[in-house]
Amino acid sequence: MSWQSYIDDHLMCDVEGVHLTAAAIIGVEGSVWAQSATFPQFKPEEISNIVRDFDEPGFLAPTGLFLGGAKYMVIQGEPGAVIRGKKGSGGITVKKTAQALIVGVYEEPMTPGQCNLVVEKLGDYLIDQGL
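Residue 160 is where the sequence shown ends in our numbering, and the numbering goes up by one at each step.
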């Protein structure tokens, strides 16, 4: 299965009639493996800061998580495994695997829980596959 099919068939799929607004699989070193057409253009330091928060939980809390210039307030997550952020009526979930970041961005009517489920389920599957 291609990385793009993980985006198209798993991350951008309908969940109870709603879906993510954008999604990507990004290597921990910052290279894009696959992304939706709607995924924001990001700066390398935005990805390196996200990776740093996985290594140093709480790193992003004072400044927020930035992606494509958009600022998300960091909310509860799982240290070293999942970062969750909120921005207005939407938000972001980032799941870390051994080699990649699985990123999902959502807006209402999708709920934070639905976004978490989609992103973390794929992340857990990739971890089980050794990726």
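Backbone N, C-alpha and C define an ideal beta-carbon position, used for all residues, glycine too.
Ignore the nearest five residues each way along the sequence and tell me which others in THR126's own chain have a CB closer than 6 Å to its CB. As a working mapping, residue 126 is identified with position 97 in the sequence shown. Non-local C-beta neighbours of THR126 in its own chain, meaning closer than 6 Å and more than five positions away in sequence, comprise GLY152, LEU155, ILE156, LEU160, ordered along the chain.
Per DSSP, what are the beta-bridge partners of ILE112 in this structure? Against the sequence shown, residue 112 aligns to sequence position 83. Beta bridge pairing from DSSP links ILE112 with VAL123.
Sort out for me which residues DSSP pairs GLU136 with in a bridge. By 1-based counting over the sequence shown, the position of residue 136 is 107. Beta bridge pairing from DSSP links GLU136 with GLY119.
Do LEU94 and GLY114 count as a contact pair if the criterion is CB distance below 7 Å? As a working note, residue 114 is residue 85 in the sequence shown. As a working note, residue 94 is residue 65 in the sequence shown. Yes, Cβ-Cβ distance for GLY114 and LEU94 is below 7 Å.
Which whole-angstrom value is the C-beta distance of THR67 and ALA51, which I expect to be below 8 Å? Translated into positions along the sequence shown, residue 67 becomes position 38. Translated into positions along the sequence shown, residue 51 becomes position 22. With a Cβ gap of about 4 Å, THR67 and ALA51 count as contacting.
Expressed to the nearest angstrom, what Euclidean distance is found between the alpha-carbon atoms of ALA63 and ILE54? Position 34 of the sequence shown holds residue 63. Position 25 of the sequence shown holds residue 54. So the two alpha carbons sit approximately 5 Å from each other.
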